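Numbered per UniProt numbering, the sequence shown spans residues 1 to 1180.
Using N, Cα and C, we set each Cβ at its ideal position, and we do this for glycine too.
Remember, it's a predicted structure, so these values are computed and weren't measured experimentally.
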Amino acid sequence: MLKEGAQVLKGNYTVLHPVSQNDRHEVWAAVDQLGIEYVLKTWAFDGKPDAVDRQLWEVEQRNLYRLASSPNAKDQMLVMREADLHWNETGGGGYFVLVLQSPGVNRLDQMLERRGQVPWLRRVDEIDVRVQLWRSIRVLAEGVNRIHELHMLHRRISAKSIFLSEAIGPSSMRLSAFEWTVRIGDPHRAIHLEESILFPPEFYETEARPFSIESDWFMFGALIAHILCGASFSPDDKPEDQYSNFFRCVTEQTFLTDVEKSLIERLLSPTPQTRLSSSHEVFDVLSRIMRELDNPPVGEDQYLGLVVQLGPQQPMTQAIIELDDRIAADEIERQRSFIQNDLSRPTILEHRPNEYIVKGRRLRYFISEYTRPGESPKQEWDLAFSYSPAEVRHSEGDESQNELRDIPISVFTKNAVFNNPETVLKNAVRWKRFFPTGSDGPVAGDNITQFHDFFRATNQIELLMRDAEIFSYEVVERKPPSENGETLVVRENERRQLTNTSYLQKQEMVGFLNRERASNRYGDHVLLSDDDEIRSTANVDLPEFWRIVDLDPSSGEITLRRGIAGPMLPAPDKGFLRCYGMFGSVRLIERRAKAIANLRSHTFLLQALLDPSFLYMHSELTRLPAKLDDSLDSAKQEAIKNIWSTRPIFAVQGPPGTGKTTLVANLLEQIFRDNPVSQVLVSAQAHAAVDVLRNKVSEEVFSDTSDDSRPLAVRIPRSRNDKPFGDSDYPHAVAKRLLESAKTRLAAIHGKLSPVQKDWSNFVDEAVAALMRQDTESEVEDFVELVRRSANITYCTTTSATLAQLAVSKQTFDWSIIEEAGKAHGFDLVLPLQNGHRWLLIGDHKQLPPYRYKDFQESLRHLDEMVSRLDELRQAGEDLVDRDFVRDWSSKSNGEKAKARDLWLSWLPVFERLFQLCKERTGRAHAPGLSSMLTQQHRMHPMISDLVSRAFYNGSIESMTVDSDGNPKESVLHSFELPSEIRGRPIVWLDTGAATDGFPGEDSTTGPYTSPSEVEAIVSLINTLKTSRREKQDLAVLSPYRLQVMKLDAKLKTDVYDSIPEWLTSIGEGDRFASTVDSFQGNQADVVVVSLVRNNEKDNKRSALGFVEDAERLNVMMSRAEKLLVLVGSWKFFERILEDVPADPGQPLGHMRLAFDFIAEQIEMGNAARIHISSLRELS
């Protein structure tokens, strides 16, 4: 047994006094080095823990950790702060130690024994005391519900399991977070019925103890009765007498209201079938109790006043007309009556903290506090105001809602209230009384609140970027309709807006549409309308869109055409143009906004990101469940060991070719070897990255595993338009495969089927048939949903709509593994992070940063202007604007703004920031660390690897593509013999000559930079290359500039693809034959040819190079080739620009100078080649 004053876990905690103990564990009060109180739970062991003890310890930690990382957990229960071993100083054994956070170390059962000495327990007959108690009971109920949502049972809810601070009172009550899990050292998982707990009657009807959600809620009811009624029983009585005596204490209590008694009695119902066990109902009754205690009854003439804004063009009027086209837009009274009737039995739900929605029978209404023109909200809610309808999906708000049974809503138009405010207010009751009484949510510190605002701010910046992609146009020419359809010629008009947004990269309509055409499937489809709202009211199908036929950069004119297929929206002579992709982008912003709002309650996650070391957990005892593959390199082995022993968050930097997907695949093997029923979310920004990883796992880790033993994996569909069986791992396809497997097994059964087997066989036959005919109304859809929710591995992108639905439905994952995290914005990571309990982020901040990084950076530096534009959109009725964010920012002082701006700018490269924070923790003593860097590459020729390593990673990358003699392996050697200069050389510079010497330079006359001479040189090179053996090799042609890619694409299609060289197995992807450098990150090819484009006579380095100077883009450019890297451009131009640049990665252009010097050295030594374009012309 520990002794008072003992120091545990390397002296980090000092034991104060015992709280309780039994023959299995001890509970102690303790303080850390800062004097903060904690609860310690310890289990003693002799010698070294055996395998059973270790496994049970892991189960204990895993369950507790899932709870600790859940939203609002620390406000509902004790949560795990640390878990580790403490070894006796004298040797020979030690303790398993759990450190648990708690507002206090008093136990409720001990305080109830001296009820008369505790003021608030002594005065439970007083309403104001009971209001406080019921609020705390509500929070405890949320904790019980959270346990159930995580598919766990408490099993011992009682006053013994409640910790609190006697000084703080009932608001500090927390459900102890360790009494429902397996006891350490108890391999039989035996459950002892403790004499001090009233268990439900069904427990005594059988030797088996049928623990269930119903039994947990029974014990919760007994806890309430114990607190409020002093209910008790004698353990010497028969079980039925214990129950009846306890129940009598409740029914005979005189000070409780009927609704209070009713809740306790329903929770204590003797049979599980009649017992109140729906969390939704429990919360609803708790809300009613607090309303009744807090407020007097409502009078017959009183009502809740709702003010609505109606009229032509108003969103509410448009929604009503969509439901009832008999009502005209100017019939205001009929519209008001429609709403009045719709709200005959309304429900109020909490949409987000302090944001509410009223649910009618046909419409949902966003409400805010009504204020007179010029007034600010007073948080009094005498009247509510609704400007627009809302959409409520799935179970949104289920836990925090209130059905209005006892008071009606009276609906008034805005004009009526403005003209007769006293009449309207006379019998109006304040809305605040009837708002759902949820928990107050976590009280986040300033840093966490400000950090949460970072995600809100950047999502709003994205909204402004989309707004900047709505262009004003005018029709220049309408051509007569023909068999080809309608044809228009349009050009850009200036779009009027009051606020300057010049800090955003200027978007010219022609240039923007050119980029969209090159990068998106429907990038050449645009919609013409008369409104410039971001969320356009025009919900139209693809045939309504116009297709771009021609773009003329010099005149700015765009030719559009669409087919004629029935009635269509006419194109206004002057209006607004938006691309097809705008609609998906807006849905994504809305989806992210909801996820970011939910993130507010995930204080554990926010704290883990903001300061990984604060919540760091590591156990010396944690061992890998399976031996690692010997072929796995040492860097990956070390990384996996560290990941496995560290919670809650880990960051891995994976430079090019170091095998990030191999790391994840091997980690998944460990996860499922440890716990076969684990659920893991694997996500990445791009679909391609998700599928590469999925294939790696399937082919390398589980290829030899039988179907019965293989983890169930599903791939979330790429878009909502995908066919259900478009991929073998889509949920419908997996469901069909499982059903067919069941059908085969049933058919193999010899003899007569049992009744259950017959029913299952019939269901399987019907379900397979329903799947094949895609019957979405059949029960098979429930089975598909079950497959989706029960999958061991779920693969999807970080912004998947299905992922958002899973978050709303409260499904969580044991692990959330995010690939390509270095390319993601913070808001892209919100969904996969909050769906997980343990987080692994893998990326490389030395490669390309998140999308439009510099625009986000400039926007954060110009936040006042950004917020002004958002407010302008808000006043125009744009409902995607975060109004609270706009108001909060406007109310900040200059000092507060500067502090927030600095924090948000530091987190803009979110993976880099997190990796650096984790890396700092790695350097501290007694820790394996929170980060790893993979340093052994397996993909590239060692010379290409050395180029990348020296220029971008300080020489830290080790090539594993060499044999025992140090020579390149055959797998990374190309076999080209012609041109002869290329033979045996992995790096080639194809020199196009310098513009300063009269050679053709870059061309910017038709828009962004191009180089026709480089296009010709690349085509000439490809057609000149000859190989010595019949070895097929793939090719990627890249350029930093999109217009150059388009020109390359067109030329390659006609001059190469129509007559493919013998050595070439493929070029590009699909119908694209060239790619931008940015789009090719994460991909590789045997041969990579890069068109550098820049070649001019400018002296200013930044102006001369453009974004070719970016080190991250340069890194991607030079690290895609496996066997041969060809750089096409002017050698002399780069030599001149880099002449006085120091070879220092910390200096501007230092990375480029290091790369250029390395290539020059290799050319001088004869290991690389520099070929002038003129020699290629001679060969061809």
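The DSSP-derived three-state label of Asp965 is coil.
Per the C-alpha coordinates, the member of Ala457, Ile649, Ser959, Lys506 positioned closest to Phe471 is Lys506. Only residues of its own chain outside the window of five on either side were considered, and among them Phe650, Val652, Leu667, Leu840, Ser932 have a CB closer than 8 Å to the CB of Ile643, listed in chain order. Met582 counts as buried, since no fewer than 16 other beta carbons sit within 10 angstroms of its beta carbon. Taking 9 Å as the cut-off, the Cβ atoms of Thr1027 and Trp989 do not count as close.
Here Glu350 is buried. Its C-beta has 16 or more other C-beta atoms within 10 Å. Taken atom to atom, the span from the alpha-carbon of Pro850 to that of Gly1150 is near 22 Å.
By the C-beta criterion, the segment 1140-1157 is judged not to be in contact with the segment 1002-1018, since fewer than 3 inter-stretch pairs fall below 8 Å. If only uninterrupted beta strand (DSSP E) runs of at least 3 residues are considered, those enclosed by the segment 773-825 are 793-797, 815-818.
In this structure, DSSP gives Val881 a state outside helix and strand, which the three-state scheme calls coil.
Under DSSP, Val910 takes part in no beta bridge, so it has no partner. Distances from the alpha-carbon of Ala1143 to those of Gln685, Asp1157, Ile842 put Asp1157 closest. Assignment of Glu896 by DSSP, reduced to helix, strand and coil, places it in the helix class. The segment 904-920 and the segment 412-427 do not touch, with fewer than three beta-carbon pairs separated by less than 8 Å. In this structure, DSSP gives Tyr387 a state outside helix and strand, which the three-state scheme calls coil. Note that the C-beta distance between Val756 and Pro731 is not below 9 Å. DSSP places Pro200 in the coil class of the three-state scheme, outside both helix and strand. About 20 Å separates the beta carbons of Leu624 and Gln679, which is beyond the 8 Å limit, so they are not a contact pair. The beta carbon of Val27 sits closer than 6 Å to the beta carbons of Val19, Ser20, Lys41 from its chain, once the five residues preceding and following it are set aside; these are given in chain order.
Runs of the beta strand (DSSP E) spanning 3 or more residues and lying entirely within the segment 701-777 occur at 713-715, in chain order. In the DSSP secondary-structure assignment, Ile357 is bridged to Leu349, Phe366. When DSSP reads this structure, Gln7 sits in a beta bridge with Thr14. Short of 6 Å from the beta carbon of Val768, and not among the five residues preceding or following it, lie these beta carbons of its own chain, in chain order: Leu739. By the beta-carbon neighbour count (other beta carbons within 10 angstroms, threshold 16), Trp904 is buried. Burial of Met1117 is indicated by the presence of at least 16 other C-beta atoms within 10 angstroms of its C-beta. Ranking Gly998, Arg950, Pro373 by CA distance to the CA of Ile1159 puts Arg950 first. A direct Cα-to-Cα measurement between Arg983 and Gly1166 gives close to 11 Å. Annotated three-state conformation of Met80 is strand, per DSSP. If one requires a minimum length of 3 residues, the beta strand (DSSP E) runs lying completely within the segment 43-98 are 79-87, in chain order. Going by DSSP, Gly581 is part of no beta strand (DSSP E) but of the alpha helix (DSSP H) stretching over 581-599. For Tyr473, the enclosing beta strand (DSSP E) starts and ends at 471-482. Comparing alpha carbon positions, the residue from Asp633, Ala231, Ser277 closest to Arg248 is Ala231.
According to the DSSP assignment, Ala1104 belongs to the alpha helix (DSSP H) that extends over 1101-1105.
According to DSSP, residue pairing for Ser1039 in a beta bridge involves Thr1076.
For the set Ile348, Leu860, Arg874, the Cα lying nearest the Cα of Lys899 is the one of Leu860. DSSP, read as helix, strand or coil, puts Met290 in helix.
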